[in-house]
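Numbered by my numbering, the letters in the sequence shown go through residues 188 to 447 in order.
The beta carbon of each residue, even a glycine, is placed where N, CA and C say it ideally should be.
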Amino acid sequence: MIDTPPPRIDFETAVCKRRMQNAGEMKRPSVLTSQALVEKVAAFAEKWNLSPETIYAKIQTDWLFSLHFAKDPGRQSIHQKIAADFISKSLSPLVNDFRTLPSGGNTSKWVCNGGVFSQGELVERGVDKTARTIDFEWSVERAGRTLRFYASHKFTGDEGGSQNNQYEDLKKFIDCIRKARSQDVFFLAIADGPFYLRTDTQIGNRSRLRVLNEDRGEDSRWQACTSNQVAWIVSREVERWMPGSGLISEAMMSAEMPRP
Numbered sequence: 188m189i190d191t192p193p194p195r196i197d198f199e200t201a202v203c204k205r206r207m208q209n210a211g212e213m214k215r216p217s218v219l220t221s222q223a224l225v226e227k228v229a230a231f232a233e234k235w236n237l238s239p240e241t242i243y244a245k246i247q248t249d250w251l252f253s254l255h256f257a258k259d260p261g262r263q264s265i266h267q268k269i270a271a272d273f274i275s276k277s278l279s280p281l282v283n284d285f286r287t288l289p290s291g292g293n294t295s296k297w298v299c300n301g302g303v304f305s306q307g308e309l310v311e312r313g314v315d316k317t318a319r320t321i322d323f324e325w326s327v328e329r330a331g332r333t334l335r336f337y338a339s340h341k342f343t344g345d346e347g348g349s350q351n352n353q354y355e356d357l358k359k360f361i362d363c364i365r366k367a368r369s370q371d372v373f374f375l376a377i378a379d380g381p382f383y384l385r386t387d388t389q390i391g392n393r394s395r396l397r398v399l400n401e402d403r404g405e406d407s408r409w410q411a412c413t414s415n416q417v418a419w420i421v422s423r424e425v426e427r428w429m430p431g432s433g434l435i436s437e438a439m440m441s442a443e444m445p446r447p
C-alpha cells in the first residue's frame, strides 16, 4: 500500500479563487451601493477629475475596468482564514473546538509572561504593552484532562517595511510565551509565506523560521512553525502529554517533522 502524502496548504490557489469571487460580485447591486465602493469611486473620480456617475457607468459596462474596484483579498484577512480552515481540517477528528479569536473586545485573548488572559483580565492587571493577541485556539481532551493550544498566525510574502513588522510581531509573541511552563498548555507561532523561509541577513545564514525557534529547548511549551507542520507538532505534544493515549498513530510519531 502506498502512503498518501499529507495535504499541504495552498495559499495561491485559495487567494486566486477569492479574487475571482470578488470580481464576480461587482455585478451585484448591493456591492455597487456599498460604502466601500462609494469611497473608492469618489477618490478615483477626484483624482482624474471625472464625475462619479461616469465611473459607475464604466464599472457596469466594462468588466475589465471594474476589476480595479473589486475587493483585494489581501485586505480581507484572507491568509488567516485560509490557514484556519486548513489547520482545523488537518487536526480533525482529534480536535473539534478549533476557533479563530477576535483581535479585540471582551472575547479576545492575550498572552503575557507565559499566561493567557481575556482583555478584561489584562486591564485589571494593568495593561502590559508587551502583551500580544492570540489568533487561534483549540484543545484535546482525554481521560478528564485538557491540553490547550494557542497560536498566533502571520503570512508574509515579500520583503518590505510592513512585512518586517509582522516578523518583529512574531518575535514579540514568542517573547511573551517563552516563560510558559504549564504542561497543559502549548503555544504556536505560525509563520506562513516565503518570507520566513528566506535567510535573516542580520543574524547569519539561517532562515527566519529557524531564527524564531532559537533558544527553544525540549521542555519548552512553544514552537514556531508553518501551517503544514501544525498537525505533526500537535500529535507530538499530545503523545508527550499523555503517553500511550492511543490518539496518535505510531507512524506519525516515528515520521520526521514535515518540511515547511
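Legend entry - Cross-strand partners of E405 (DSSP beta bridge): Within the sequence shown, the letter at position 218 stands for residue 405. Bridge partners of E405: none, in fact.
Inset, instruction - Could you pull out every residue in the same chain whose Cβ sits closer than 8 Å to the Cβ of D379, ignoring the five residues on either side in sequence? - result: Here the question's residue 379 lines up with position 192 in the sequence shown. These residues qualify, in order along the chain: I196, F198, H266, A270, H340, K341, F342, T343, T413 and S414.
Inset, instruction - Label P193 either buried or exposed according to how many other C-beta atoms from any shown protein chain fall within 10 Å of its C-beta, with 16 as the threshold for buried. - result: Taking the first residue of the sequence shown as 1, we reach residue 193 at position 6. The residue in question, P193, is exposed, as its Cβ has fewer than 16 Cβ neighbours within 10 Å.
Legend entry - Which listed residue (Y337, R385 and E355) has its alpha carbon closest to that of I364: Indexing the sequence shown from 1 puts residue 364 at position 177. The option with the nearest alpha carbon to I364 is Y337.
Inset, instruction - Kindly indicate which three-state DSSP category R332 falls into: helix, strand or coil? - result: The sequence position of residue 332 within the sequence shown is 145, counting from 1. Three-state DSSP puts R332 in a strand.
Legend entry - Rounded distance between the beta-carbons of N209 and A257, thought under 8 Å: On the sequence shown, position 70 is the one that residue 257 refers to. On the sequence shown, position 22 is the one that residue 209 refers to. The pair is a contact, with the Cβ atoms about 5 Å apart (cut-off 8 Å).
Inset, instruction - With a 10 Å radius around its C-beta and 16 neighbouring C-beta atoms as the bar for buried, classify S290 as buried or exposed. - result: Mapped onto the sequence shown, residue 290 falls at position 103. By the neighbour-count rule (16 or more Cβ atoms within 10 Å), S290 is not buried but exposed.
Legend entry - Where M207 falls, given that 16 or more other Cβ within 10 Å makes a residue buried: Here residue 207 refers to the residue found at position 20 when the sequence shown is read from its first residue. By the 10 Å Cβ count, M207 comes out exposed.
Inset, instruction - Could you please give the first and the last residue of the uninterrupted beta strand (DSSP E) stretch that includes L375? - result: Working through the sequence shown from its first residue, we reach residue 375 at position 188. V372 to D379 is the span of the beta strand (DSSP E), which, as asked, contains L375.
Inset, instruction - Measure the beta-carbon distance from A367 to W409 and round it to whole angstroms, keeping in mind my assumption that it falls under 8 Å. - result: Taking the sequence shown and counting its residues from 1, the one referred to as residue 367 is at position 180. Taking the sequence shown and counting its residues from 1, the one referred to as residue 409 is at position 222. About 6 Å; that satisfies the 8 Å criterion.
Legend entry - Reference K358, options N392, T317, T333 and D406, closest by Cα: For the purposes of this step, residue 358 is taken as the residue at position 171 of the sequence shown. Checking every option, the nearest Cα to that of K358 belongs to T317.
Inset, instruction - Grab me the residues of I189's own chain with a C-beta within less than 8 Å of its C-beta, minus the 5 sequence neighbours each way, in chain order. - result: Mapped onto the sequence shown, residue 189 falls at position 2. Residue placement at I189 is flagged as unreliable, the pLDDT there being 47, under the threshold of 50; the coordinate-derived value follows with that caveat. Closer than 8 Å at the Cβ level, and outside the excluded window around I189, lies no residue.
Inset, instruction - Would you mind giving the Cβ-Cβ distance between V417 and I274, rounded to the nearest angstrom? I have them listed as a contact below 8 Å. - result: Counting from one through the sequence shown, the residue named residue 417 turns up at place 230. Counting from one through the sequence shown, the residue named residue 274 turns up at place 87. So it is a contact: roughly 5 Å between Cβ atoms.
Inset, instruction - For the region 232–248 and the region 296–314, state whether three or more C-beta atom pairs, one from each stretch, are separated by less than 8 Å. - result: no
Inset, instruction - Can you have a look at E226 and say buried or exposed, based on whether 16 or more other CB atoms are within 10 angstroms of its CB? - result: Here residue 226 corresponds to residue number 39 of the sequence shown, with the count starting at 1. It is exposed - the Cβ of E226 has fewer than 16 other Cβ atoms within 10 Å.
Inset, instruction - Please list, in chain order, all residues of the same chain as T386 whose beta carbon is under 8 Å from its beta carbon, the five residues on each side excluded. - result: As a first step, residue 386 is located in the sequence shown; it is residue number 199 there, counting from the start. Contacts found: N392, R393, S394 and R395.
Inset, instruction - Can you check the region 268–334 for any alpha helix (DSSP H) of at least 4 residues that lies completely inside it and give the ranges in chain order? - result: 306–312
Inset, instruction - Tell me whether the beta-carbon of L278 lies closer than 8 Å to the beta-carbon of V425. - result: Counting from 1 along the sequence shown, the entry for residue 278 is found at position 91. Counting from 1 along the sequence shown, the entry for residue 425 is found at position 238. No, these two residues do not count as a Cβ contact at 8 Å.
Inset, instruction - Under 8 Å Cβ to Cβ from A223, same chain only, skipping five residues before and after it: list those, please. - result: Mapped onto the sequence shown, residue 223 falls at position 36. Here the set comprises K258.
Legend entry - Simplified DSSP assignment, three categories, for S422: For this step, residue 422 is matched to residue 235 along the sequence shown. Reduced to three states, the DSSP call for S422 is helix.
Legend entry - Buried versus exposed, by CB contacts within 10 Å (16 or more), F374: Mapped onto the sequence shown, residue 374 falls at position 187. F374 comes out buried.
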